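See below for the structure under consideration.
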RNA sequence: GGGGGAAUGUCCCGAGCGGCAAAGGGGGCGGACUGUAAAUCCGCUGGCUUAGCCUUCGUAGGUUCGAGUCCUACUUCCCCCA
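Numbering (the numbering used here), first residue to last: 1380 to 1797.
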C-alpha cells in the first residue's frame, strides 16, 4: 500500500492496527481534512467490554487524537436483541431488555477514559441503535432495505457458512443481523454524517455490506477499516483466561489483575502490544522491544503499567506495579493483593483448606482443591500445603490480620478476618 | 411430504461388542526447568462427607439384573428424493 499522508492512517499503520481497508486513498483524504466521522459498534451482551474490544477503542482514540474526525461509539442496544452470529457457532441466548439496558450502562463508562465526549466538532458521541431499530416497521424495512440483500450472497458469507458447515443452527433472527448492521451504517450517515465503520476483522463482511447498502440507498461513498484478529503469539484468541474474561470495568477485574495480564504476555507479543495498547511514543517502544532475555521483563512492566494507566489511571497503575513488585520480587505479603473477607469466628473454629480456597475464588470445588494440593499448587502464607486436611486457624493470620492463599505461583488472594 | 444419517464428558474435536465416570487429541490448569516468557518434560482436567456414594452421552418413555450402547416417540441438524 502506498504511504498514507494523514496522521491517522500513519499512526494506525505504524502501530499495526490495520488489517483491511476498503479504499486507502479515500479514507486518507477524509482523515487529512478531519472529516472522517467514524463509528464502531459494540454489543451489549455483557456488563463490561473486555480486552478484545480494546483494539477498536484504541482506533477511535487515535482517530480523535490525530484530528482525523469525530468518533462515534454505537451501543448495540437494538442489535443485541437479535445477536450477531459472526465468529460464533452457538445460538446466542436472547437477553432481556433489562439486561441489555444494564449492560449498556456498564459498558458506557469505559469509553470516557479513551475518548473526549462533548458537543464540539470532533468530540466523541455515543449513540444507541435501539433508537432507530426498535421502531422499525417490518414491511417498510423489507421494502427499503431487505430488497437490497441477496440471500445467495448472504449464504456465502463466512459468518453464515461457518454455522452451516458445522451443522449448527442459525436462526432466522440471527441471519438478519447483517441487515440491521448495514442499516446502522446508513442511518448513522444520515444522522451524523458518518463516513466510515471500523471493527475487528470478523466484521469485514458486515461492514462491506453496509458500504454496499449505502451506495444503493444514496449515502455516497462509505468506507471500512478492520483491525487484525487479536491473537497471542501462540495463536490463542485474546480475552479469556482461567480466571475468566479480561474485563475492562474495574468492578469486574481489579486493576491489579489487569496489570498482571499484561505483565504475563508472551515475549513475542510485547512489541506488538506496546504499539497497540499503549500511547508510548514509537522510539520508546522500539527501545523496549529491542530488549531480550531477562531484560524483556522491563518491557513487560512498561507495557503493564502503560496499559493499566490508560484504562484505570496513573494511581491505580502505580499501585498495581508496587503490589506486583512486593509479591513477586520481594516476597512480602502485599496489602493490596485481591482480598476476600472471612468471619473471624470461622477461623477461630478452624476453616478447612478446601472451603477457604473456594471462598477466595481460587477454585470451584473441594475436589479441585484436593487435586491441586496433590499437584503441589496450594500455598498458605507462601508455605506449600501437603495435606488436604489442613485447617486454617487464627494462628495463620499475619500481622495485618490476613492469610495469604495461593493457587499456583501467580494467583494470590488474601483472606481478611473481619 | 418420502427415504437415509447424526447428536457423547456443559470449552472444542472425537472413539465407544449391553458391565462405563466413558479411549484419544486439542485447549485449559498445576508442577519441574526459567525470567511472573516461550519451548520441553511430568501431573490434573464430573460432584461429595471418597475402600464408598451421587449425577452425567439431545429430550421423554420402554426392554434388561444392568443402557452411551437395544426399542418407541419427540426435538434439532445433515444428505438424497419430491
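We treat Cβ as the ideally placed atom computed from N, Cα and C, and that holds for glycine. None of the values given here were measured: they were computed from a predicted structure.
Who are the Cβ neighbours of residue i in its own chain at under 6 Å, not counting the five residues just before and after it?
| i | result |
| --- | --- |
| residue 1393 | none |
| residue 1397 | 1391 |
| residue 1426 | 1482 and 1485 |
Express the C-alpha separation of residue j and residue i in angstroms, rounding to a whole number.
| i | j | result |
| --- | --- | --- |
| residue 1655 | residue 1417 | 19 Å |
| residue 1761 | residue 1745 | 20 Å |
| residue 1670 | residue 1602 | 39 Å |
| residue 1773 | residue 1686 | 39 Å |
| residue 1649 | residue 1493 | 21 Å |
| residue 1790 | residue 1647 | 23 Å |
| residue 1607 | residue 1747 | 37 Å |
| residue 1659 | residue 1506 | 30 Å |
| residue 1384 | residue 1491 | 29 Å |
| residue 1519 | residue 1565 | 15 Å |
| residue 1467 | residue 1581 | Bear in mind that a pLDDT of 46 at residue 1467, under 50, signals an unreliable position, so the number given afterwards is only what the model happens to contain. Their Cα atoms are separated by approximately 10 Å. |
| residue 1693 | residue 1587 | 39 Å |
| residue 1668 | residue 1715 | 30 Å |
| residue 1395 | residue 1458 | 29 Å |
| residue 1497 | residue 1504 | 7 Å |
| residue 1662 | residue 1639 | 25 Å |
| residue 1551 | residue 1476 | 20 Å |
| residue 1442 | residue 1502 | 11 Å |
| residue 1775 | residue 1740 | 19 Å |
| residue 1594 | residue 1531 | 19 Å |
| residue 1665 | residue 1709 | 29 Å |
| residue 1482 | residue 1780 | 37 Å |
Who are the near neighbours of residue i in its chain, counting only those whose CB is closer than 7 Å to its CB and skipping five residues on each side?
| i | result |
| --- | --- |
| residue 1751 | 1742, 1757 and 1786 |
| residue 1455 | 1420, 1421, 1422, 1423 and 1508 |
| residue 1621 | Any reading at residue 1621 needs caution, since the residue's pLDDT is 46, under 50, leaving its predicted position unreliable; the model's value is listed next. Excluding sequence neighbours, residue 1621 sits near nothing in its chain. |
| residue 1402 | 1602 |
| residue 1406 | 1388, 1400, 1415, 1575, 1602 and 1604 |
| residue 1528 | 1558 |
| residue 1555 | 1461 |
Would DSSP call residue i helix, strand or coil?
| i | result |
| --- | --- |
| residue 1698 | helix |
| residue 1528 | coil |
| residue 1788 | coil |
| residue 1503 | strand |
| residue 1582 | helix |
| residue 1451 | strand |
| residue 1390 | helix |
| residue 1382 | coil |
| residue 1733 | helix |
| residue 1604 | strand |
| residue 1679 | helix |
| residue 1654 | helix |
| residue 1489 | helix |
| residue 1557 | helix |
| residue 1523 | helix |
| residue 1575 | strand |
| residue 1591 | helix |
| residue 1420 | strand |
| residue 1481 | helix |
| residue 1752 | helix |
Of the residues the options, which one's Cα is nearest the Cα of residue i?
| i | options | result |
| --- | --- | --- |
| residue 1557 | 1487, 1761 and 1589 | 1589 |
| residue 1721 | 1410, 1735 and 1714 | 1735 |
| residue 1637 | 1398, 1429 and 1478 | 1429 |
| residue 1635 | 1403, 1503 and 1690 | 1690 |
| residue 1653 | 1436, 1406, 1480 and 1680 | 1680 |
| residue 1567 | 1592, 1552, 1499 and 1716 | 1592 |
| residue 1625 | 1511, 1777 and 1432 | 1432 |
| residue 1533 | 1561, 1763, 1523 and 1483 | 1561 |
| residue 1796 | 1718, 1570 and 1788 | 1718 |
| residue 1695 | 1738, 1724, 1628 and 1739 | 1628 |
| residue 1643 | 1707, 1552, 1595 and 1485 | 1707 |
| residue 1440 | 1409, 1495, 1677 and 1754 | 1495 |
| residue 1434 | 1482, 1697 and 1579 | 1579 |
| residue 1792 | 1633, 1480, 1408 and 1645 | 1633 |
| residue 1539 | 1609, 1437 and 1584 | 1584 |
Can you list, in chain order, the residues of its chain with a C-beta nearer than 8 Å to that of residue i? Leave out the 5 residues immediately preceding and following it.
| i | result |
| --- | --- |
| residue 1771 | 1726, 1729, 1730, 1731, 1732, 1735, 1759, 1782 and 1794 |
| residue 1777 | 1712, 1760 and 1783 |
| residue 1641 | 1652, 1656, 1679, 1682, 1683, 1686 and 1687 |
| residue 1737 | 1743, 1744, 1745 and 1748 |
Cβ of residue i versus every heavy atom of the ligand FMN: is any distance shorter than 8 Å?
| i | result |
| --- | --- |
| residue 1686 | Of ligands this structure carries none, so the ligand FMN is not represented either. |
Answer yes if the stretch 1697 to 1704 comes into contact with the stretch 1763 to 1776, meaning at least three C-beta pairs across the two stretches below 8 Å, and no otherwise.
no
For the pair the stretch 1400 to 1419 and the stretch 1565 to 1582, tell me if three or more CB-CB distances fall below 8 Å.
Contact check between the stretch 1400 to 1419 and the stretch 1565 to 1582: three or more CB pairs, one atom from each, fall below 8 Å, which counts as touching.
Just checking, does the stretch 1400 to 1414 make contact with the stretch 1441 to 1454 on the three C-beta pairs under 8 Å criterion?
yes
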